[in-house]
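A.B. asks:
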Amino acid sequence: MSPVLDRLRRWFEPSPPVRPRRRRALVLAGGGVIGGMWEVGTLAALEELVPNFRTNDFDIYIGSSAGAVVASLMANGIPPLELYRILEEGRDDPLNFQRGSVYHRHAFSGAARNFFQLVWAVGRNMVRGRNLDWPDLLARSQSSMPPGFFSIAQLADFMRAAFAARSLSNDFRQCPRTLVIPAMDLDRAERVIFGVGELAQVPISEAIAASCAIPGFFEPYRINGRDYVDGDVGHTGHADLAVELGANFLVVVNPLVPLRRAVDAAPELRGRGLYGILEQTGRITSQNILELGLRELRLREPEVEFHLIQPGDADTALFGPSMGFEASRNALQLGYSSTRTRLAEIGPAFAERFAP
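Just so we're on the same page, this note's numbering is the position in the sequence shown counted from 1, plus 2.
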């Protein structure tokens, strides 16, 4: 065969199939203060025990609500083991989250004023409309009610200062890794994605505050004249965003799971009062939304690989006031210890998925 024909034959021979590059995304759902702490402990254990699991080497980071805080630090290159030690040891470090990172000094007096404003609004209409039922009273009072009990602005200030003190990027466009933070536009009732398009100009610290504004607990956070609330309202985790951004390998970390009470094995949740019931029902809704979303993605994008990491049913230490700091260190340690225990069972199989 002539050299020319030989070259033509080699040009037209089918080449071996090229395996698509694995584009990895880390998706961190919300869960309040204790949920974010659990995520840090979990990531620290994964990095310590799973060969080739490098939290700071993912291609895409998606964080909603408290997960936005953790995702912003991971995308900026903060090793989870370093963050874990800062929090666990209470080090004097700009990244050591304390009550002052979320609640300013006069936060609780402000919350008390908002509470009395709520009572006053309902009481005034109760006097005016003696024959009204409670739903009608609340409807009449809504324009005089406060938009929330606390302000989330303190968290934006804390994150801005922490980024500056540690020389981290507070700009989505200059972040070392792709970072997106979803929130809910309150008036338009639609999800917005900070870090994409025009919203990439919003500072990361402000996007975090918008995504963490739990309705009722915090006032909506206003950016450029628009009000935003918690990024996990109507969604959990936002794994679909990772796929839209080109990820085909997802690690989804969800700290918010309901407490599953074995029959006669523990006190009924009714005994935890209104707050405990609301916490449980919120967690049920959140987990169902997450599982439905992942199930739909598996059907729609069968080539995408998912790994869901969340607490076990027995991790009751995570059940409590999600925005409280009292149990935050326990949640941090539980994330670390429970993940280490689970990796003892599934570690080798899980580690294979991170082989080069």
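The C-beta atom is built at its ideal place from N, Cα and C for all residues, glycine as well.
Apply the 10 Å Cβ neighbour rule to E347 and answer buried if 16 or more other Cβ atoms are within range, or exposed otherwise.
C.D. replies: When all chains shown are included, E347 counts as exposed.
A.B. asks: Can you tell me the Cβ-Cβ gap for F196 and A209, rounded? I've got them flagged as a contact below 8 Å.
C.D. replies: Right, the Cβ-Cβ distance comes to about 4 Å (below 8 Å), so this counts as a contact.
A.B. asks: Quick check: T180 and I62, are their CB atoms within less than 8 Å of each other?
C.D. replies: Yes. Within cutoff.
A.B. asks: Please state if the CB of M76 and the CB of L334 are separated by a distance shorter than 8 Å.
C.D. replies: No. Outside cutoff.
A.B. asks: Would you check if the stretch 29 to 39 and the stretch 252 to 259 touch, i.e. whether three or more CB-CB distances between them fall below 8 Å?
C.D. replies: With a cut-off of 8 Å, the stretch 29 to 39 and the stretch 252 to 259 count as touching, because enough Cβ pairs lie within range.
A.B. asks: Measure the alpha-carbon distance for S153 versus G218 and round it to whole angstroms.
C.D. replies: Going from the Cα of S153 to the Cα of G218 covers about 10 Å.
A.B. asks: With burial defined as no fewer than 16 other Cβ atoms inside 10 Å of the residue's Cβ, what is the status of Y277: buried or exposed?
C.D. replies: The residue is exposed, with fewer than 16 neighbouring Cβ atoms inside 10 Å.
A.B. asks: Quick one: using the 10 Å Cβ neighbour count with 16 as the cut-off for buried, is T341 buried or exposed?
C.D. replies: Under this definition T341 is a buried residue.
A.B. asks: In terms of residue numbering, what span does the beta strand (DSSP E) encompassing I154 cover?
C.D. replies: Counting along the chain, I154 falls outside any beta strand (DSSP E), and DSSP gives it neither H nor E.
A.B. asks: Following the continuous beta strand (DSSP E) through E307, name the residue where it begins and the one where it ends.
C.D. replies: Unbroken beta strand (DSSP E) run through E307: E307 to I311.
A.B. asks: Beta-carbon separation of S330 and S213 under 8 Å?
C.D. replies: For S330 and S213, no; Cβs fall outside 8 Å.
A.B. asks: What are the start and end residues of each continuous beta strand (DSSP E) run of 3 or more residues lying completely inside the stretch 160 to 211, in chain order?
C.D. replies: Within the stretch 160 to 211, the complete beta strand (DSSP E) runs of at least 3 residues are 180 to 187 and 192 to 196.
A.B. asks: With C-beta atoms as the reference, is P205 less than 8 Å away from N172?
C.D. replies: A contact, by the Cβ cut-off of 8 Å.
A.B. asks: For G69, collect the residues of the same chain with a Cβ closer than 6 Å to its Cβ; drop the 5 residues on either side in sequence, then sort them by chain order.
C.D. replies: Closer than 6 Å at Cβ, skipping near neighbours: L30, A31 and G32.
A.B. asks: What distance in whole Å lies between the Cβ atoms of E49 and L83, which are believed to be in contact at a cut-off of 8 Å?
C.D. replies: Confirmed, Cβ separation roughly 6 Å.
A.B. asks: Excluding the 5 residues preceding and the 5 following L170 in the sequence, name in chain order all residues of the same chain whose CB lies nearer than 7 Å to its CB.
C.D. replies: Excluding positions up to five away in sequence, the list reads N78.
A.B. asks: Which residues in the same chain as Y338 place their Cβ atom closer than 6 Å to its Cβ, once the five residues preceding and following it in sequence are excluded?
C.D. replies: Correct list, in chain order: G43, A46 and A47.
A.B. asks: Determine the extent of the alpha helix (DSSP H) in which V35 is found, giving its start and end residues.
C.D. replies: Taken as a continuous stretch (DSSP letters only), the alpha helix (DSSP H) holding V35 covers G34 to L51.
A.B. asks: Which one of G199, Y223, V194 and N256 has the shortest CA to CA distance from P158?
C.D. replies: Checking the sequence shown, residue 158 turns out to be Ala, not Pro. Of the listed residues, the one whose Cα sits closest to A158 is Y223.
A.B. asks: Tell me where the beta strand (DSSP E) around D229 begins and ends.
C.D. replies: Segment R228 to V231, the beta strand (DSSP E) holding D229.
A.B. asks: Please return the same chain residues whose Cβ sits closer than 7 Å to the Cβ of L310, not counting the five positions on each side in sequence.
C.D. replies: Contacts found: V254, N256 and L296.
A.B. asks: Taking 8 Å as the cut-off, decide whether the C-beta atoms of A185 and V194 are in contact.
C.D. replies: Yes, they are a contact pair.
A.B. asks: According to DSSP, simplified to helix, strand and coil, what is P82?
C.D. replies: Reduced to three states, the DSSP call for P82 is helix.
A.B. asks: According to DSSP, is V253 part of a helix, a strand, or is it coil?
C.D. replies: Note: V253 maps to strand in three-state DSSP.
A.B. asks: Do Q282 and P260 have their beta-carbon atoms positioned less than 8 Å apart in this structure?
C.D. replies: Yes, they are a contact pair.
A.B. asks: May I have the straight-line CA-CA distance separating Y230 from P350, to the nearest angstrom?
C.D. replies: Y230 and P350: Cα-Cα distance of roughly 42 Å.
A.B. asks: Please identify the residue among F99, D94, D59 and M161 whose C-alpha is closest to the C-alpha of P81.
C.D. replies: Measuring from the Cα of P81, the nearest candidate turns out to be D59.
A.B. asks: Buried or exposed: which applies to D232, given that a residue is buried once 16 or more other Cβ atoms fall within 10 Å of its Cβ?
C.D. replies: By the neighbour-count rule (16 or more Cβ atoms within 10 Å), D232 is buried.
A.B. asks: With a threshold of 16 other CB atoms inside 10 Å of the CB of I36, please say whether the residue is buried or exposed.
C.D. replies: Buried: at least 16 other Cβ atoms inside 10 Å.
A.B. asks: How many Å lie between R262 and G273 at the Cα?
C.D. replies: Spanning the two alpha carbons is a distance of roughly 15 Å.
A.B. asks: Using three-state DSSP, classify W136 as helix, strand or coil.
C.D. replies: Since pLDDT at W136 reaches only 48, below the 50 mark, its modelled position is unreliable, and no value is offered.
A.B. asks: According to DSSP, what are the bridge partners of A27?
C.D. replies: For A27, which the question treats as bridged, DSSP gives the partners I62 and L252.
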